[in-house]
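From first to last, the protein sequence lines stand for chains A and B. Quick note on numbering: the first sequence equals residues 3 to 303 in this note's numbering. Quick note on numbering: the second sequence equals residues -11 to 263 in this note's numbering. Cβ coordinates follow ideal geometry from the N, Cα and C atoms, glycine included. Remember, predicted model here, so these are calculated numbers, not experimental data.
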Amino acid sequence: MAAIDVSDVTKQFGGVTALQNLDLTVEEGEVFGFLGPNGAGKSTTIDILLDHVRPTAGSAQVFGMDAQNQSVAVRERTGVLPEGYGPLGQMTARTHVEFALQAKRVDGDPLALLDRVGIAEVSHRRVVDFSKGMKQRLMLAMALAGEPDLLILDEPTTGLDPNGARAMREIVQEEADRGATVFFSSHILEQVEAVCDRVGILNQGHLTAVDTIDGLREAAGATGQVQVSMDTVPDGLVETIEGLDGVTSVSITDGTLTAGCENRAKGAVVHRCYEAGTVEDIETSETSLEDLFVSYTGGGA
Amino acid sequence: MSWTAVAKKDFQDALRSRAIWAISVVFILLSVVIAYVYGSFSADELGIEEKTAERLVFFLASNITLFVSITALVIAYKSIAGERESGSLKILLSLPHTRRDVLVGKVLGRGAVLAIPVVVALAIGAAVGSALIGAVAAQALLALLVVSVLFTFAYVSVIVGLSAMTESTTRASMLTIGFLVLFRFLWGVVSIGTVWASNGFSIPDTLPDWIFVVNQIPPSGAYTTLLYALVPGQTGNAADIDAFYGTPWLGAVVLLFWLVVPAAIGYRRFSKADL
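Quick look at the structure:
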């Protein structure tokens, strides 16, 4: 059974279409990265899964339960870190986690959860004084309460410093190892690359791609490039390299030859340069994730 | 019963608010002053026929409706609309609570926040007043507490219900202030206007019996009338009316209406809304 099954969902707010015929399946145990520029419809999709928003057409299921009619049952099995949540209330961090445990009707150690997200030492402080990063960690602790089968994290690294973002990724990995399904939205591809089994890219309410990151790279035709710095670039080298199998483009700037090519052709490019003259340096790179993202979202990011 | 958790959180959050403590102190002082005045002045000075322990109840009750209606508005008009606007509701509703849990929890949580100072102030006022006049009307004082608590929850329920009808705090404030102005300050005009209009646009020499019903519509009118039903030896003006509705128990019906109906309508709209 799929953890999440969104079937032909359309959502309009007034006359504005937020989602258009969205189909999306996330398997149990999967870490799924839900990507898209701001305003693509990521939060609307999550809101439909949690019954905060009702679809104009289509339906969504979580663990086979209807997201609208069986919402409480869905949310009993789901831990949520919402996006754009408001003030948390007047109570302490510990009370907040207790509140989440109580709502899930499970026993659990609030301090252990706060310790896991790295804020155990402020468990007795009132959360109104918390920084954005601390609030985000508290919300994660509340989402983790009761070992949910599904974690929905909407832009979880918002407000976190690099350490916090890494801790977040580690927790996602631990939860996945425990067997939980993780649905993780972000507008930053780098954040999902490290942890996600698959990613879906949403753009203007349409799902434009669903694949592994490697698969996306391949499908987008995005390859890599190799840059060879030489003391002088001999005549005829450009033509030689252009003739190599797997090379798509060659250019020269300031004594550096740049070849856009498939990864398997990189060796041959370097070999021909080495034969033809003095090689001072070599750099090789894959297509940046940013380029990949832009290629799917039309530069809308 | 997950509304109890919502109610508890709402109640605890409100206890942290300094404003509610300040309002409570003011209300207790007011109650003591009223009790002192009743205990110290003579019946003539107070403008009543006879100074009894039962009459003390009506003196103490006199400032309840204004205090409760204004305070209920202040503490509850944002209860749902404000949390929708700010996004706090997304936290509550990401947990396995239903929207009904949220609405019922808010009514009970904020109702309790207001009911406690009401009960404390009335109890202190009753103690001071009874000590000064040297007589205790236990049943009447108990009725005062019960009816006041019912009135408090009914009023909070109305305000929370109105707050559930909109996602804008501005609109919530207009709805709730509109309610307060109409039913608290303008109802006399509405009441007499109804008589005037139904009598061919002139005021009759004697008011029709049904005006009694019109006057019970505001929660504050129903509150006083229900007190007459429960305080021994007091009848109010319901006794003058020879019709099936000529009973002070009409106040109970009206208070129950305000307790349930606006909140139910608010819930209907809230349950269908996109957050």
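Beta carbon of Arg219 (chain A) nearer than 8 Å to that of Glu32 (chain A): Here residue 219 (chain A) is taken as the residue at index 217 of the first sequence, counted from 1. Here residue 32 (chain A) is taken as the residue at index 30 of the first sequence, counted from 1. No, Cβ-Cβ distance for Arg219 (chain A) and Glu32 (chain A) is not below 8 Å.
Runs of alpha helix (DSSP H) wholly within the stretch 26 to 92 of chain A (minimum 4 residues, chain order): Segments of the alpha helix (DSSP H) lying fully in the stretch 26 to 92 of chain A: 44 to 51, 73 to 78.
Beta-carbon contacts of Leu51 (chain A) that lie in its chain and below 7 Å, excluding the five residues immediately before and after: Numbered from its first residue, the first sequence carries residue 51 (chain A) at position 49. Excluding sequence neighbours, Leu51 (chain A) sits near Ile6, Ala62, Val64, Ala69, Ile154.
Heavy atom of the ligand ZN within 7 Å of Leu80 (chain B) beta-carbon: Ligands displayed in this structure: none; no statement on the ligand ZN is therefore possible.
Member of A:Arg180, A:Gln206, A:Ser9, A:Glu123 whose CA lies at the smallest distance from the CA of Leu37 (chain A): Taking the first residue of the first sequence as 1, we reach residue 37 (chain A) at position 35. Residue A:Gln206 is the option with its Cα nearest to Leu37 (chain A).
Rounded straight-line distance, which links the Cα of Phe295 (chain A) to that of Glu30 (chain A): As a working mapping, residue 30 (chain A) is identified with position 28 in the first sequence. As a working mapping, residue 295 (chain A) is identified with position 293 in the first sequence. Spanning the two alpha carbons is a distance of roughly 26 Å.
Neighbour list for Pro89 (chain A) in chain B, Cβ cutoff strictly below 8 Å: Against the first sequence, residue 89 (chain A) aligns to sequence position 87. Under the 8 Å cutoff, chain B gives Ser74, Ser76.
Residues sharing a beta bridge with Lys13 (chain A), DSSP: Locating residue 13 (chain A) in the first sequence gives position 11, counting from the first residue. Beta-bridge partners assigned by DSSP to Lys13 (chain A): A:Leu21.
C-beta neighbour in chain E for Ser145 (chain B), strict 8 Å: Annotation note: the requested chain E is absent from the structure, which comprises protein chains A and B.
Ala145 (chain A) versus Leu133 (chain B): straight-line alpha-carbon distance, rounded: The residue given as residue 145 (chain A) occupies position 143 in the first sequence. The residue given as residue 133 (chain B) occupies position 145 in the second sequence. Our two residues, Ala145 (chain A) and Leu133 (chain B), have alpha carbons roughly 42 Å apart in a direct line.
Per-residue burial, Ser190 (chain B) [other beta carbons within 10 Å of its own, 16 or more giving buried]: Within the second sequence, numbered from 1, the residue matching residue 190 (chain B) stands at position 202. Burial call: exposed.
Simplified DSSP state of Tyr255 (chain B), which is helix, strand or coil: Indexing the second sequence from 1 puts residue 255 (chain B) at position 267. Three-state result, Tyr255 (chain B): helix.
Contact set between the stretch 69 to 87 of chain A and chain B, restricted to residues whose Cβ is under 7 Å from the partner: Contacts with chain B (Cβ-Cβ distance below 7 Å) from the stretch 69 to 87 of chain A involve Val74, Arg77, Glu78, Val82, Pro84, Gly86, Tyr87, listed in chain order.
Range of the contiguous alpha helix (DSSP H) that encloses Ser82 (chain B): Your numbering for residue 82 (chain B) matches position 94 in the second sequence. Segment 76 to 82, the alpha helix (DSSP H) holding Ser82 (chain B).
Proximity to Ser50 (chain B) [Cα-Cα], best of B:Ser67, B:Tyr26, B:Ala69: Residue 50 (chain B) sits at position 62 when you count from the first residue of the second sequence. With distances taken between CA atoms, Ser50 (chain B) lies nearest to B:Tyr26 out of B:Ser67, B:Tyr26, B:Ala69.
Chain-order list of residues whose beta-carbon lies under 7 Å from that of Val194 (chain A) (same chain, five-residue window excluded): One-based indexing of the first sequence puts residue 194 (chain A) at position 192. Result list for Val194 (chain A): Gly35, Leu37, Phe186, Ser188, Val201, in chain order.
Cut-off 8 Å between Cβ atoms - residues of its own chain near Asp49 (chain A), not counting five sequence neighbours on either side: Counting from one through the first sequence, the residue named residue 49 (chain A) turns up at place 47. Cβ within range, chain order: Val55.
Bridge partner(s) assigned by DSSP for Ser251 (chain A): Taking the first residue of the first sequence as 1, we reach residue 251 (chain A) at position 249. According to DSSP, Ser251 (chain A) bridges with A:Gly262.
Test: Ala303 (chain A) CB closer than 8 Å to a CB of chain B: As a first step, residue 303 (chain A) must be located in the first sequence, where it is residue number 301. In this prediction, Ala303 (chain A) has a pLDDT of 36, which is less than 50 and means its spatial position is unreliable; what the coordinates show is noted afterwards. No, its Cβ sits nowhere closer than 8 Å to a Cβ of chain B.
Whole-number beta carbon distance between Thr234 (chain A) and Gly257 (chain A), since they are thought to touch under 8 Å: Within the first sequence, the letter at position 255 stands for residue 257 (chain A). Within the first sequence, the letter at position 232 stands for residue 234 (chain A). Contact flag correct, Cβ pair sits at about 7 Å.
Contacts of Met93 (chain A) in chain B (Cβ-Cβ under 9 Å): Along the first sequence, read from residue 1 onward, the residue named residue 93 (chain A) stands at position 91. Under the 9 Å cutoff, chain B gives Lys(-3), Gln0, Asp1, Arg4.
In chain order, each beta strand (DSSP E) run of at least 3 residues that lies wholly inside the stretch 141 to 179 of chain A: The stretch 141 to 179 of chain A is shown to contain whole beta strand (DSSP E) runs of 3 or more residues at 152 to 156, in chain order.
Three-state class that DSSP yields for Met232 (chain A) in the structure shown: For the purposes of this step, residue 232 (chain A) is taken as the residue at position 230 of the first sequence. DSSP places Met232 (chain A) in strand when its eight states are reduced to three.
Spatial distance of Gly148 (chain A) from Met67 (chain A) (CA atoms): On the first sequence, position 146 is the one that residue 148 (chain A) refers to. On the first sequence, position 65 is the one that residue 67 (chain A) refers to. Answer to the nearest angstrom: the Cα atoms are 19 Å apart.
Residues bridged to Phe185 (chain A) (per DSSP): One-based indexing of the first sequence puts residue 185 (chain A) at position 183. Phe185 (chain A) pairs with A:Phe34, A:Ile154.
CB contact flag (Gly117 (chain B), Leu48 (chain B), <8 Å): For the purposes of this step, residue 117 (chain B) is taken as the residue at position 129 of the second sequence. For the purposes of this step, residue 48 (chain B) is taken as the residue at position 60 of the second sequence. Pairing Gly117 (chain B) with Leu48 (chain B) gives a Cβ-Cβ distance under 8 Å.
Cβ-Cβ distance between Val74 (chain A) and Thr86 (chain B) below 8 Å: Translated into positions along the first sequence, residue 74 (chain A) becomes position 72. Translated into positions along the second sequence, residue 86 (chain B) becomes position 98. Closer than 8 Å, so yes.
Listed by chain order, chain A residues near Ile79 (chain B) by CB distance under 7 Å: Mapped onto the second sequence, residue 79 (chain B) falls at position 91. In chain order: Pro84, Tyr87, Leu90.
Host alpha helix (DSSP H) of Ser57 (chain B) (start-end): One-based indexing of the second sequence puts residue 57 (chain B) at position 69. Per DSSP, Ser57 (chain B) belongs to the alpha helix (DSSP H) from 52 to 64.
Cutoff 8 Å: Glu71 (chain B) Cβ touching any chain A Cβ: Counting from one through the second sequence, the residue named residue 71 (chain B) turns up at place 83. Yes, its Cβ sits closer than 8 Å to a Cβ of chain A.
Neighbour list for His54 (chain A) in chain B, Cβ cutoff strictly below 9 Å: Here residue 54 (chain A) is taken as the residue at index 52 of the first sequence, counted from 1. Per Cβ cutoff of 9 Å: Leu77, Lys78, Leu81, Ser82, Asp262, Leu263.
Proximal residues to Ser12 (chain B) (C-beta, below 6 Å), its chain only, five neighbours per side dropped: For the purposes of this step, residue 12 (chain B) is identified with residue 24 of the second sequence, where counting begins at 1. Annotation for Ser12 (chain B): Pro105 place their beta carbon closer than 6 Å to its own, counting only its chain and skipping 5 residues before and after.
The beta strand (DSSP E) enclosing Leu239 (chain A), as first and last residue numbers: Your numbering for residue 239 (chain A) matches position 237 in the first sequence. Unbroken run through Leu239 (chain A) is the alpha helix (DSSP H), 239 to 244; no beta strand (DSSP E).
Simplified DSSP state of Gly209 (chain B), which is helix, strand or coil: As a first step, residue 209 (chain B) is located in the second sequence; it is residue number 221 there, counting from the start. DSSP places Gly209 (chain B) in helix when its eight states are reduced to three.
Inter-residue Cα distance where the pair is Met232 (chain A) and Thr255 (chain A): Counting from one through the first sequence, the residue named residue 232 (chain A) turns up at place 230. Counting from one through the first sequence, the residue named residue 255 (chain A) turns up at place 253. Each residue's alpha carbon lies about 11 Å from the other.
Per DSSP, cross-strand counterpart(s) of Asn205 (chain A): Here residue 205 (chain A) refers to the residue found at position 203 of the first sequence. Asn205 (chain A) is bridged to A:His208.
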